[in-house]
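The next block holds one structure in the form of structure tokens; read it before the comments.
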Amino acid sequence: MQNRRGSSENYVLIFAFVFLLVLIFGGIWAGTTVYFGEGYDFRKVDAEVLNYLIRKCILERDLEMQFKEKSITGFYEICSLNEEIIAEGNNFRISVNGEEKIFTGGDFEQCDFKGRTSKFPECSRHEIDLEGKMIKVETLSMRESRRVNG
Amino acid sequence: MINKRGSGSDILWQNVAYIVFTVIFFAGILLFLNQQSNGAFVWEDFYAKEISRVINLAEAGDELQIDVQKATGIALRNDVSDIRRVFEFDNAKNEICVKLSARKTCYNYYNNVDVVDAEVILASGDKGDVNILSFKVVEKRRDENAK
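Here is the structure:
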């Protein structure tokens, strides 16, 4: 006669041990992912670069017609900027003497929220004086990189 | 009456099970931390974005050379054997992809130019020499299949 009473609880302890290991591994994984997982925050730099390119274009090219007609497509062509890529994660607004001339959309006020996280955009704002006209250029960036296989 | 027959083998198998699970656990932890410690994803992200910044600020006719010693070192440690696949430019999409691990990270640039003659020039071995990414920026070609 075999007495098996109590022998099964020793094997139940193995499951508890495995569960504990899974918890520890999960904690280590979560910690390193939170610390390393954010990537390189480039939004502010991206907004500054776009702002610089737009100001450079305004200073070097004649954009009177584009401002007069508020032509966004014409602006992209003259300034040699890729409209599709900018539309994916950027926006900009150009005002001349307070009057909005070109606006691609976007909420620039989100850039001023205190305590904002990486889910909010970053902005760049600069003004230039061109022949007595005060031109304000505002750019916004929310672009992120893509991780792909291959 | 307590029957202790077989209790010795029970204890042995339990201990074997504990040891096996512990070894698997630590092996997994070491593998995971080793992958995180060289930070392949962060460096992919960094290089993709910084190279896109360089391209955005460049003008047609510029020839550029960038120190990529760190990136190529990480790529080799992660078994990316073909150095030509570490930095890939796609002119149709205006995109730079950096591959330092099994996956790659891509980022677009909005300057409407093409990147040509891209190559990684390996260090010659002299003291202070580093691996260099070299490429040229030219006017955008109208053929969208150009790479």
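As you go down the protein sequences, you meet chains A and B in turn.
Take 1 as the starting number for the first sequence in the numbering used here and just add one per residue.
Take 151 as the starting number for the second sequence in the numbering used here and just add one per residue.
C-beta atoms are modelled at their ideal positions from N, C-alpha and C, and glycine is treated no differently.
None of these values were measured; they are calculated from a predicted model.
Pick from B:I179, B:K199, B:N165, B:D160 that is closest to R147 of chain A, judged by C-alpha positions: Taking the first sequence and counting its residues from 1, the one referred to as residue 147 of chain A is at position 147. Comparing Cα-Cα distances from R147 of chain A to each of B:I179, B:K199, B:N165, B:D160, the minimum goes to B:K199.
Is any heavy atom of the ligand NAD found at a distance shorter than 6 Å from the C-beta of D229 of chain B? Absent from the structure shown: the ligand NAD. Ligands present: none.
Quickly, what does DSSP pair M142 of chain A with across the bridge? List them, please. Residue numbering aside, residue 142 of chain A sits at position 142 when the first sequence is read from its first letter. The partner list for M142 of chain A (beta bridge, DSSP) is empty, contrary to what the question assumes.
Within its chain, find whatever has a CB closer than 7 Å to the CB of D267 of chain B; leave out the 5 residues flanking it on each side and keep chain order. If you number the second sequence from 1, residue 267 of chain B lands on position 117. Closer than 7 Å at the Cβ level, and outside the excluded window around D267 of chain B, lie F285, K286.
Please give the ranges of any alpha helix (DSSP H) in the region 10 to 75 of chain A, keeping only runs that are unbroken, at least 4 residues long and fully inside the region. 43 to 60, 64 to 69
Give a yes or no on whether the minimum CB-CB distance between I78 of chain A and chain B is below 7 Å. On the first sequence, residue 78 of chain A is found 78 positions in, with the first residue counted as 1. Not an interface residue.
Is it buried or exposed for N295 of chain B, if we count other Cβ within 10 angstroms and need 16 for buried? In the second sequence, the residue the question calls residue 295 of chain B occupies position 145. Unreliable positioning characterises N295 of chain B in this predicted model, as indicated by a pLDDT of 47, which lies under 50. The coordinate reading is nonetheless provided below. Counting Cβ neighbours within 10 Å, N295 of chain B comes out exposed, since fewer than 16 surround it.
Indicate whether at least one CB of chain B lies closer than 7 Å to the CB of L20 of chain A. Indexing the first sequence from 1 puts residue 20 of chain A at position 20. It does not; no Cβ of chain B falls within 7 Å.
At least one CB of chain B closer than 7 Å to the CB of R93 of chain A: is that the case? Along the first sequence, one-based indexing puts residue 93 of chain A at 93. Using a CB distance cut-off of 7 Å, R93 of chain A does not count as an interface residue toward chain B.
Mind pulling the chain A residues with CB within less than 7 Å of K199 of chain B? In the second sequence, residue 199 of chain B corresponds to position 49, counting from 1. In chain order: Y40, F42, S145.
Compute the beta-carbon to beta-carbon distance between N91 of chain A and G105 of chain A, rounded to the nearest angstrom, for a pair I have assumed lies under 8 Å. One-based indexing of the first sequence puts residue 91 of chain A at position 91. One-based indexing of the first sequence puts residue 105 of chain A at position 105. At roughly 5 Å, the Cβ-Cβ gap stays under 8 Å, so N91 of chain A and G105 of chain A are in contact.
Assuming contact is defined by CB atoms lying nearer than 7 Å, are G89 of chain A and M142 of chain A in contact in what I supplied? Taking the first sequence and counting its residues from 1, the one referred to as residue 89 of chain A is at position 89. Taking the first sequence and counting its residues from 1, the one referred to as residue 142 of chain A is at position 142. Their beta carbons are under 7 Å apart, which means G89 of chain A touches M142 of chain A by this criterion.
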